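Q: Chains as they are written, first to last, in the numbering used here: chain W, 425 to 579; chain G, 425 to 579. Input: one structure, supplied below.
Number of protein chains: 2
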Amino acid sequence: MPELPSKTTLRLRDFLPYRLSVLSNTVSGKIANLYDREFGLSIWQWRVMAVLGENAGITATEIGQVTAMDKVAVSRAVSGLIDSGHVARKASAEDGRRSILSLTTKGKGVYDKIVPIALGAERDLVETLSAAEQEQLARLMDKLAKTAEPDRPLW
Amino acid sequence: MPELPSKTTLRLRDFLPYRLSVLSNTVSGKIANLYDREFGLSIWQWRVMAVLGENAGITATEIGQVTAMDKVAVSRAVSGLIDSGHVARKASAEDGRRSILSLTTKGKGVYDKIVPIALGAERDLVETLSAAEQEQLARLMDKLAKTAEPDRPLW
DNA sequence: CTAATATAGTTTCATATGTAACTAATATTG
DNA sequence: CAATATTAGTTACATATGAAACTATATTAG
Chain W
425 MPELPSKTTL RLRDFLPYRL SVLSNTVSGK IANLYDREFG LSIWQWRVMA VLGENAGITA
485 TEIGQVTAMD KVAVSRAVSG LIDSGHVARK ASAEDGRRSI LSLTTKGKGV YDKIVPIALG
545 AERDLVETLS AAEQEQLARL MDKLAKTAEP DRPLW
Chain G
425 MPELPSKTTL RLRDFLPYRL SVLSNTVSGK IANLYDREFG LSIWQWRVMA VLGENAGITA
485 TEIGQVTAMD KVAVSRAVSG LIDSGHVARK ASAEDGRRSI LSLTTKGKGV YDKIVPIALG
545 AERDLVETLS AAEQEQLARL MDKLAKTAEP DRPLW
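Structural data, given as structure tokens:
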């Protein structure tokens, strides 16, 4: 594998962690606006709904695993969604500590409206990339994500 | 340009904004730990120092432009850095509203220690990518960043 | 069966963050 | 030059967030 010359000086604007952070914040900020303005949802609430839309009847802990949210964030998002009538909670029959969560009819309606908006935003974001580039990007991000896994021995 | 088939269902784990956010948070979290444990610096404080290390004698507003931080965040980071003796402030001769900021000797020493650590962390992160892939990644992120620019008309 | 341990989820508290209001200085306009 | 508007930076307030403590239930060990 050919090597890039090792950098010895730091230029912030070329520093990958910084670039990732700025890009991610810009993208998330715009999307958060969409969800919030149209539906009054936070990004976390939307993530919870997105998972429930794919997987009905899972628990808060499972949502946390799928979304990379910690349990406090999940708990808060869920409680907001219950207040706003988007999500319903019922006790688990087997385990009294768990709650089974699902979208309400209202929640499902909102979900069905948001999905095309979210996909449209994603499409607009990547539209300047060719199909090959889009696949390349997905592949590279997979590799990075694998390297950066939170539980790996710290660098 | 060949087209990818348009998605009609949303799978959170394939959704680019989500993936960007998780990846960025994972990477930033690890790096933040490094800065904090070794030097007691927050990510924003480190960003400010990184800019001052490249560009001595600039103002808080300029730092904000370079780092994509808002002025309140810059103000707070700078005031912490002054308290901890990493940064010095002197009044601008031409404009009494501005302060000229620079690293102190102590700050420069810390900067010189952090730079190799930061570059090492970046290298570890991208080491599974070939040189060509690293260039590809930089290119793709440039394109995305351009598309997502904060001031573009909202999608 | 009982005691100790672990897990699911919530609440509390301390800190971080963003928005808006504010202060001080400069620039503009008439 | 006086009045007004703009800019640099800070402070105040309200909200968001994460870590740790807590409650309730379930599991394991003896």
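All C-beta atoms, glycine included, are put in the ideal place defined by N, C-alpha and C. Keep in mind that this is a model prediction, so the values were computed, not measured.
(1) Starting from leucine 525(G) and walking both ways along the beta strand (DSSP E), at which residues does that stretch end?
(2) Counting Cβ pairs closer than 8 Å, one from the segment 559-569 of chain G and one from the segment 547-559 of chain W, do we hit at least three?
(3) Is it buried or exposed, glycine 544(W), if we count other Cβ atoms within 10 angstroms and call 16 or more buried?
(4) Which of the residues in the segment 444-477 of chain W, read from start to end, lie with their CB under 9 Å from any CB of chain G?
(5) What first and last residue would you give for the beta strand (DSSP E) that runs through lysine 585(G)?
(6) Could you have a look at tyrosine 442(W) and say whether DSSP puts it in helix, strand or coil?
(7) Determine whether the Cβ of threonine 552(W) lies closer than 7 Å to any Cβ atom of chain G.
(8) Please list, in chain order, all residues of the same chain as phenylalanine 463(G) whose beta carbon is under 7 Å from its beta carbon, the five residues on each side excluded.
(9) Taking all protein chains shown into account, do 16 or more other C-beta atoms lie within 10 angstroms of the C-beta of valine 472(W), making it buried, or fewer, making it exposed?
(10) Scan the segment 466-517 of chain G and note each continuous alpha helix (DSSP H) run of 4 residues or more that stays entirely inside, going in chain order.
(11) Spell out whether any CB of chain W is found under 7 Å from the CB atom of threonine 571(G).
(12) Using a C-beta to C-beta distance shorter than 7 Å, which residues of chain W count as neighbours of leucine 543(G)?
(13) From glutamate 486(W) to serine 448(G), what does the alpha carbon distance come to, in whole angstroms?
(14) I'd like to know if the segment 449-469 of chain W and the segment 509-520 of chain G are in contact, where contact means that at least 3 CB-CB pairs between them fall below 8 Å.
(15) Given a threshold of 16 other Cβ atoms within 10 Å of its Cβ, counted over all protein chains shown, does valine 496(G) qualify as buried or as exposed?
(16) Taking DSSP as the reference, what is the three-state secondary structure of threonine 571(G)?
(17) Considering only residues of the same chain and omitting the five flanking positions on each side of arginine 465(W), which have a CB-CB separation below 6 Å?
(18) Can you tell me the Cβ-Cβ gap for alanine 572(G) and valine 451(W), rounded? I've got them flagged as a contact below 8 Å.
(19) Quick check on aspartate 519(W): does DSSP put it in helix, strand or coil?
(20) Under 8 Å by Cβ, that's how I've got isoleucine 524(G) and threonine 483(G) pegged, so tell me the actual separation to the nearest angstrom.
(21) Is the beta carbon of leucine 564(W) sitting closer than 7 Å to the one on leucine 476(G)?
(22) What is the C-beta distance between alanine 542(G) and leucine 444(W), in whole angstroms, given that I count them as a contact (C-beta under 8 Å)?
A: According to the data block:
(1) If you look at leucine 525(G), you'll find it in the beta strand (DSSP E) that goes 523-527.
(2) yes
(3) exposed
(4) Leu444, Ser445, Val446, Leu447, Ser448, Asn449, Thr450, Val451, Ser452, Gly453, Lys454, Ile455, Asn457, Leu458, Ile467, Arg471, Ala474, Val475 and Gly477
(5) What the structure shows of chain G is the stretch from 425 to 579, and residue 585(G) is not part of that stretch, so it cannot be assessed.
(6) Residue state, collapsed to three classes: helix.
(7) Cβ-Cβ to chain G under 7 Å: yes for threonine 552(W).
(8) Once the five neighbours on either side are set aside, the close Cβ partners of phenylalanine 463(G) are Val534 and Ile538.
(9) buried
(10) DSSP runs (the alpha helix (DSSP H)) wholly in the segment 466-517 of chain G: 467-478, 484-491 and 495-507.
(11) yes
(12) The contacting residues are Lys431 and Leu434.
(13) 22 Å
(14) no
(15) When all chains shown are included, valine 496(G) counts as exposed.
(16) Threonine 571(G) falls in the helix class under three-state DSSP.
(17) Residue 465(W) is actually leucine in this sequence, not arginine. So the qualifying residues of the chain are Tyr459.
(18) 5 Å
(19) Coil at aspartate 519(W), not helix or strand.
(20) Sure, about 6 Å apart at Cβ, within 8 Å.
(21) no
(22) Rounded, the Cβ-Cβ distance is 14 Å, inconsistent with contact.
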